[in-house]
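Each residue of the sequence shown is one higher than the one before, starting from 28 at the first, in the numbering used here.
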Amino acid sequence: MAERATAASAFIIATRNRPEDLVRTVESLVAQTVLPSELCIVDSSDATPTRPRIEELCSGAGIELDYHHPAPRGLTIQRNAGVDRTEGDPVFFVDDDVWLADDCHERILEEYERGWPNLGGVRAAPVRPARPAWYTRSFRKLFGLGGWWPEASGRVRPGFYVEGISESLGPRRVEYFNGWFMSYAREVFEHECFDEALAGYGFKEDIDFSYRVAKRGYTLVQTPKAKCDHLKSASARLDSHNLQRMNMANQFYLHRKNMPQSTKYKAALWWAWVGLFLLNAGKALRVRDPGLVTGLVEGAFEQARGKGLIDPPTQAPKT
28 MAERATAASA
38 FIIATRNRPE
48 DLVRTVESLV
58 AQTVLPSELC
68 IVDSSDATPT
78 RPRIEELCSG
88 AGIELDYHHP
98 APRGLTIQRN
108 AGVDRTEGDP
118 VFFVDDDVWL
128 ADDCHERILE
138 EYERGWPNLG
148 GVRAAPVRPA
158 RPAWYTRSFR
168 KLFGLGGWWP
178 EASGRVRPGF
188 YVEGISESLG
198 PRRVEYFNGW
208 FMSYAREVFE
218 HECFDEALAG
228 YGFKEDIDFS
238 YRVAKRGYTL
248 VQTPKAKCDH
258 LKSASARLDS
268 HNLQRMNMAN
278 QFYLHRKNMP
288 QSTKYKAALW
298 WAWVGLFLLN
308 AGKALRVRDP
318 GLVTGLVEGA
328 FEQARGKGLI
338 DPPTQAPKT
């Protein structure tokens, strides 16, 4: 096999208790047509059964590996630690349950060379793009809920919900990134870091960070030439009730943090909640999971009373 090129980039993977998913992600990384110089795994897992295999994969590919374990728990904390422990540029963040197309890294690097003004970051497009029906898109637009569909706006709406571009004919400038695959120029981290107030897996921490980068004047780009598949591991996730509570807490916190607190923007947040309630109620009936509604309602009441951020995994179970 011909020797592959190596770029001066760094990859960071924050992980917790997903050893098999993690090793599959690393397998797709070492198969890249252009390899990164560094891989930093920031692992808050109870154990690391696949660490020897990962060390073997990186050694064979010539990638410098920094396996940080045990690491403090929390996605934002772990990602900030990864930034501090690496030197490569650009800096890539991938979830521990993704698969990268063989040329994904190479295509992202090409976008950095295209001459976008004040380019701050580039992300890949999904392998399996969402193509919701027109009535689904219309419903989400009506309530300002955002979602994923082809050639969407890529913008953050007044309720701090986002319209994601599931597929596009060419590269698109966007206002935010999803965190399962995103990259940034190293200089971005001289100005911004991930918000460590967000607990656990940090719902919307990626949107918060990237939106702050965009508001600072950096250009963010999504390119359809780079492909990545988010496999969405079912392991180590909250139950639906507590997940909805935490989602509401983060949603209200980030809305207060990032959006004007005028009547218009506050109304957009609550109007979006109405739409989300209707969506969750329908899904709860289909899948017979009342937690999709009870958590959403409890979370809304908690935030209306000013409860603020929560971390359900650290709370005692209800009796």
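Ideal Cβ placement from N, Cα and C applies to all residues, glycine included.
Report task. Examine the Cβ distances between the segment 322 to 331 and the segment 261 to 280 and report whether three or more of them are shorter than 8 Å. Result -> The way I'd put it, the segment 322 to 331 does touch the segment 261 to 280; three or more beta-carbon pairs between them come closer than 8 Å.
Query raised in the report: At what residue ranges does the segment 166 to 205 contain a whole run of the beta strand (DSSP E), taking only runs of 3 or more?
Result: Listed in chain order, they are 174 to 176, 190 to 192 and 199 to 201.
Query - Close beta carbons around N107, own chain, < 8 Å, minus the five adjacent residues each side - result: Here the set comprises C220, F221 and E223.
Query raised in the report: Roughly how many angstroms separate the alpha carbons of V201 and I192, rounded to a whole number?
Result: In this structure, the CA atom of V201 is about 9 Å from the CA atom of I192.
Query - Which of helix, strand or coil DSSP assigns to Q288 - result: Three-state result, Q288: coil.
Query raised in the report: With C-beta atoms as the reference, is D256 less than 9 Å away from P153?
Result: Yes, they are a contact pair.
Requested in this report: Starting from E240, trace the beta strand (DSSP E) both ways and give me its first and last residue.
Outcome: The sequence shown places Val at residue 240, rather than the Glu named in the question. Careful: V240 lies outside any beta strand (DSSP E), inside the alpha helix (DSSP H) at E232 to K242.
Query raised in the report: Helix or strand or just coil, what does DSSP make of N44?
Result: Coil at N44, not helix or strand.
Query raised in the report: Does the beta-carbon distance from L303 to L172 come in below 9 Å?
Result: Contact: yes.
Query raised in the report: If you draw a straight line from the alpha carbon of V215 to that of V240, how long is it in whole angstroms?
Result: Distance between the alpha carbons of V215 and V240 is about 7 Å.
Query - Residues that F119 bridges to, as DSSP identifies them - result: F38 and S210.
Query raised in the report: Counting along the chain, where does the alpha helix (DSSP H) carrying I81 start and finish?
Result: It spans R78 to A88 - the alpha helix (DSSP H) in which I81 sits, taken as one unbroken run.
Query - Burial state of N145, where buried means 16 or more other Cβ atoms lie within 10 Å - result: It counts as exposed.
Query raised in the report: Should the segment 80 to 93 be regarded as contacting the segment 172 to 189, the criterion being three or more beta carbon pairs within less than 8 Å?
Result: Contact between the segment 80 to 93 and the segment 172 to 189 is absent, because fewer than three Cβ pairs lie under 8 Å.
Query raised in the report: Buried or exposed: where does S165 fall if 16 or more other Cβ atoms within 10 Å of its Cβ makes it buried?
Result: When all chains shown are included, S165 counts as exposed.
Query raised in the report: A32 to I90, Cα distance in whole Å?
Result: Here the alpha carbons of I90 and A32 stand approximately 11 Å from one another.
Query - Within 9 Å, strictly: CB atoms of T60 and H132 - result: Less than 9 Å separates the beta-carbon of T60 from that of H132.
Query raised in the report: Can you name the start and end residues of the alpha helix (DSSP H) that C131 belongs to?
Result: Looking at the DSSP string, the run of the alpha helix (DSSP H) that includes C131 is C131 to Y139.
Query - One or two residues paired with E91 in a DSSP bridge - result: According to DSSP, which records beta bridges pairwise, E91 is partnered with E65.
Query raised in the report: Roughly how many angstroms lie between the CA atoms of E140 and P198, to the nearest whole one?
Result: Near 13 Å, if we compare the C-alpha coordinates of P198 and E140.
Query raised in the report: Roughly how many angstroms separate the alpha carbons of E329 and F279, rounded to a whole number?
Result: Rounded to whole angstroms, E329 to F279 spans 10 Å at the Cα level.
Report task. For the alpha helix (DSSP H) holding G101, just list the boundary residues, first then last. Result -> Element bounds for G101: n/a, residue is neither H nor E.
**Report entry** Status (buried if at least 16 other CB within 10 Å, exposed otherwise) for T290
**Finding:** It counts as exposed.
Query raised in the report: Helix, strand or coil: which one does DSSP assign to T346?
Result: Low confidence applies here, because T346 scores a pLDDT of 38, under 50, leaving its location unreliable; read the following figure in that light. Of the three classes helix, strand and coil, the one that applies to T346 here is coil, per DSSP.
Query - DSSP bridge partner residues for L247 (one or two, in chain order) - result: Its beta-bridge partners are G148 and V201.
Query raised in the report: Short check: CB of P117 to CB of R213, under 9 Å?
Result: Yes; because the gap between Cβ atoms is below 9 Å, this pair is in contact.
Query raised in the report: So which of E47, P46 and L62 has the shortest CA-CA distance to E30?
Result: Restricting attention to E47, P46 and L62, the CA atom closest to the CA of E30 is found in L62.
Requested in this report: Following the continuous beta strand (DSSP E) through V125, name the residue where it begins and the one where it ends.
Outcome: Start and end: V125 to L127.
Query raised in the report: Sorted by chain position, which residues of the same chain lie with C-beta nearer than 8 Å to F119's C-beta, five sequence neighbours on each side aside?
Result: Counting only Cβ-Cβ distances below 8 Å, and skipping sequence neighbours, we find S36, A37, F38, I39, P63, H132, I135, F208, M209 and S210.
Query - Closest residue to W126 among T103, G148 and A58 (Cα-Cα distance) - result: The option with the nearest alpha carbon to W126 is A58.
Query - Rounded straight-line distance, which links the Cα of K259 to that of V121 - result: Cα-Cα distance, rounded: 12 Å.
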